[in-house]
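Report on the structure given below.
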Amino acid sequence: SSRIAHLRKNLHYTNIFVFVLGICSEIILKPKDISQEELLDLTAKLNQDSRVNGILVQLPLPDHIDERTVCNIVAPEKDVDGFHIINIGRLCLDQPSVIPATAAAVWEIIKRTGIQTFGKNVVVAGRSKNVGMPISMLLHTDGEHERPGGDATVTITHRYTPKEQLKIHTQLADIIIVAAGIPKLITADMVKEGAAVIDVGINHILDPLTGKTRLVGDVDFEEVKKKATFITPVPGGVGPMTVAMLLKNTLITAKKLIY
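Below is the structure:
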């Protein structure tokens, strides 16, 4: 399927970075009909292996496997995805934790490009526990806490937010972060002049000119970029930074900088 092909491409892309940085990695491929018990046993063995500094379980998992159970079996100190309930809890309490890579990527982009968050209005379109929620936590929390946040006023929207209401929120936003998985969810008329737009969306659409599928985000990039002071493209925007943050998390777990 196209999803599997995209996954393999991402794994290859990540492994290039891993090789260049000198991190030893191993991809353990299992059939999609693997039992939950077998997957949990495998993960538990990796937890106990002193040679393993980081563990990543590729999501989504097959329907017969409970994602939360698997994420929670990964040792928090080896959880490079930052999905264990302890890491999520520490993130919510503004304590040092392994931060989910995509959320960390968005936060890093904001800091490195000098986008101001203090007192600003931010809309996060998407409420997933692995992306939208941690991004919102990083942006709205106190900048003077143990794990500093962005001191922004954050509005979270989701699939049940009416489009007209979403538009009201985004037109007032200084920063718009989109992680909904809907092509062209954000159009130019929804963005105020000078806003910063960060597109986390990943969608495969059919290109009518070539007859092939291509990768796009959630933002109408060509039109929105005419109004935004900063905008990330898809591909080539948040994705590469996410890989970098994943490798940073691996370094954090290997050096035991948190646990």
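For the record, in the sequence shown the residue sitting at position 43 is 44 according to the working numbering, with numbers rising by one throughout. The C-beta atom is built at its ideal place from N, Cα and C for all residues, glycine as well. Predicted model, so just to flag it, every value in this text is computed and none were measured.
Tell me where the alpha helix (DSSP H) around residue i begins and ends.
i, result
"residue 74", "68 to 74"
"residue 170", "164 to 172"
"residue 154", "Where residue 154 is concerned, there is no enclosing alpha helix (DSSP H), although the beta strand (DSSP E) it sits in stretches over 154 to 158."
"residue 211", "Counting along the chain, residue 211 falls outside any alpha helix (DSSP H), and DSSP gives it neither H nor E."
"residue 133", "133 to 141"
Note down the Cα distance separating residue i from residue j, rounded to an integer number of angstroms.
i, j, result
"residue 224", "residue 169", "19 Å"
"residue 253", "residue 67", "27 Å"
"residue 184", "residue 159", "14 Å"
"residue 174", "residue 69", "33 Å"
"residue 155", "residue 180", "14 Å"
"residue 140", "residue 114", "15 Å"
"residue 136", "residue 152", "13 Å"
"residue 96", "residue 50", "27 Å"
"residue 146", "residue 138", "12 Å"
"residue 102", "residue 83", "7 Å"
"residue 211", "residue 217", "15 Å"
"residue 195", "residue 176", "9 Å"
"residue 222", "residue 52", "44 Å"
"residue 1", "residue 213", "Any question about residue 1 goes unanswered here, given that the chain covers just 2 to 260."
"residue 38", "residue 73", "14 Å"
"residue 187", "residue 118", "20 Å"
"residue 231", "residue 43", "43 Å"
"residue 240", "residue 32", "26 Å"
"residue 172", "residue 245", "31 Å"
Taking the continuous beta strand (DSSP E) assigned at residue i, which residues delimit it?
i, result
"residue 217", "214 to 217"
"residue 122", "122 to 126"
"residue 200", "197 to 200"
"residue 205", "204 to 207"
In the structure shown, what three-state DSSP assignment does residue i receive?
i, result
"residue 239", "helix"
"residue 190", "helix"
"residue 2", "Reliability of the predicted coordinates at residue 2 is poor, the pLDDT of 44 falling under 50, and the value obtained from them is presented with this limitation in mind. In this structure, residue 2 counts as coil in the three-state DSSP scheme."
"residue 231", "strand"
"residue 42", "helix"
"residue 178", "strand"
"residue 220", "strand"
"residue 245", "helix"
"residue 183", "coil"
"residue 24", "coil"
"residue 259", "coil"
"residue 253", "helix"
"residue 30", "coil"
"residue 47", "helix"
"residue 8", "Because residue 8 sits at a pLDDT of 49, beneath the cut-off of 50, its placement in the model cannot be relied upon, and the following sentence gives the value as read from the coordinates. Helix."
Among all the DSSP beta bridges, which residues are the ones paired with residue i?
i, result
"residue 56", "80"
task = Give, in chain order, every unbroken run of the alpha helix (DSSP H) that is at least 4 residues long and sits entirely within the region 72 to 124.
result = If one requires a minimum length of 4 residues, the alpha helix (DSSP H) runs lying completely within the region 72 to 124 are 86 to 93 and 102 to 114, in chain order.
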